[in-house]
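Novice: The opening residue of the sequence shown carries number 22 in the working numbering; numbering runs sequentially from there. Here's a structure for you.
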Amino acid sequence: MGVEIKGSRVSEEAFDEMRSFVHDYLAASVESEDDGGRMRWYPWHSADYRFNHIRNVADIATRIAREEGADRDVVRVAALFHDVAKLEVDQDAHAEAGARIAREYLETQGEYPDSFIAQVTQAIEAHSYQGDLSNVDLETRCLIEADLLDKVGANGTALMLLRMGYEARTHMDAAKMVDRVLERSRDHVDRIHSKTAESIAHQRIKRVRWFREWLEAEVAEMDREGVTDR
């Protein structure tokens, strides 16, 4: 019996199976290379990092889809596959490759309507679109907005601070690095179209601003203590 797409959800069991497939595919993409992965030199672009990003995007995209009236099934399945090929192909080819992988999976693992598969693959192919989001369909927009939002807020801040260690920076540079998160976040917000995504973005940016203020105050105090101790 096929999974109904319109009128009911893709079953949680089916979605869990998709999620397991994506996880295993990412892991295999790294293990199949002698050097441990195309982006091993960039530690947080591991299979674990990429899968965590995918899960975050799927959660955010599902929320936006629910609030904005998009097809929830299309959005969450597209989100799950959107970066599945990220670790095995070049950046400018990963969207098309991900759409192909999703199509092959959906055509062989269930009786999904052609129209559903077409919507999913279209959203994946377009998720790297850099233009005005009012020019894309609602489901694609939900995916793009979610992809942008995962880079905004605490998660984006944590990744930037991890980069400090990789670049051998000290805590003295932390505030500047967080400023870069805020600048990037504002750029992302400028692209966001839906009210739901805008609300999520502003809440996340507010948290980063708070952290930036606390960080600056504490680092400044550490500087003063260092001067006094000397």
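Quick reminder that beta carbons are idealized off the backbone N, C-alpha and C, glycines included. Since this is a predicted model, take the numbers as computed values, not measurements.
Since I believe Val98 is in contact with Met39 (beta carbons under 8 Å), could you give me their beta-carbon distance rounded to a whole number of angstroms?
Specialist: 7 Å
Novice: Would you kindly work out how many angstroms separate the C-alpha atoms of Gln151 and Leu47, rounded to a whole number?
Specialist: 25 Å
Novice: Work out the CA separation of Ala144 and Thr129 for me, nearest whole Å.
Specialist: 20 Å
Novice: Given that a residue counts as buried once 16 or more other Cβ atoms are within 10 Å of its Cβ, and exposed if not, what is Trp50?
Specialist: What sits at residue 50 in the sequence shown is Ser, not Trp. Buried, since its Cβ has 16 or more Cβ neighbours within 10 Å.
Novice: Pick helix, strand or coil for Gly174, following the three-state DSSP scheme.
Specialist: coil
Novice: Taking all protein chains shown into account, decide if Arg230 is buried (16 or more other Cβ within 10 angstroms of its Cβ) or exposed.
Specialist: exposed
Novice: By a C-beta neighbour count over all protein chains shown, 10 Å radius and 16 as the cutoff for buried, is Asp45 buried or exposed?
Specialist: exposed
Novice: Going by the beta-carbon positions, is the gap between Ala175 and Leu236 smaller than 7 Å?
Specialist: no
Novice: Could you spell out the range, first to last residue, of the alpha helix (DSSP H) harbouring Ser32?
Specialist: First-last for Ser32: undefined, no H or E at that position.
Novice: Can you confirm whether the segment 78-98 touches the segment 108-121 when touching is taken to mean that 3 or more C-beta pairs between the two stretches lie within less than 8 Å?
Specialist: Counting Cβ pairs under 8 Å, fewer than three are found: no touch.
Novice: Do the CB positions of Ala123 and Phe102 come within less than 7 Å of each other?
Specialist: Going by C-beta atoms, Ala123 is nearer than 7 Å to Phe102.
Novice: Which of helix, strand or coil does DSSP assign to Lys197?
Specialist: helix
Novice: Can you tell me whether Ala218 is helix, strand or coil according to DSSP?
Specialist: helix
Novice: Apply the 10 Å Cβ neighbour rule to Lys107 and answer buried if 16 or more other Cβ atoms are within range, or exposed otherwise.
Specialist: buried
Novice: Measure how close the beta-carbons of Thr217 and Arg71 come, nearest whole angstrom, since I'm counting them as under 8 Å.
Specialist: Between Thr217 and Arg71 a beta carbon distance of about 25 Å is seen, past the 8 Å cut, so the two are scored as non-contacting.
Novice: When you compare only the Cα positions, how much space is there between Met22 and Glu132?
Specialist: Any reading at Met22 needs caution, since the residue's pLDDT is 36, under 50, leaving its predicted position unreliable; the model's value is listed next. Whole-angstrom Cα-Cα distance: 7 Å.
Novice: With DSSP as the reference, label Ala91 as helix, strand or coil.
Specialist: Reduced to three states, the DSSP call for Ala91 is coil.
Novice: For Arg93, which residues from the same chain have a beta carbon less than 8 Å from its beta carbon, with the 5 sequence-adjacent residues on both sides left out?
Specialist: Arg30, Thr83, Ala86 and Arg87
Novice: So the candidates are Phe232, Glu33 and Glu160; which of them puts its Cα closest to the Cα of Ile138?
Specialist: Glu160
Novice: Could you spell out the range, first to last residue, of the alpha helix (DSSP H) harbouring His115?
Specialist: Unbroken alpha helix (DSSP H) run through His115: His115 to Thr129.
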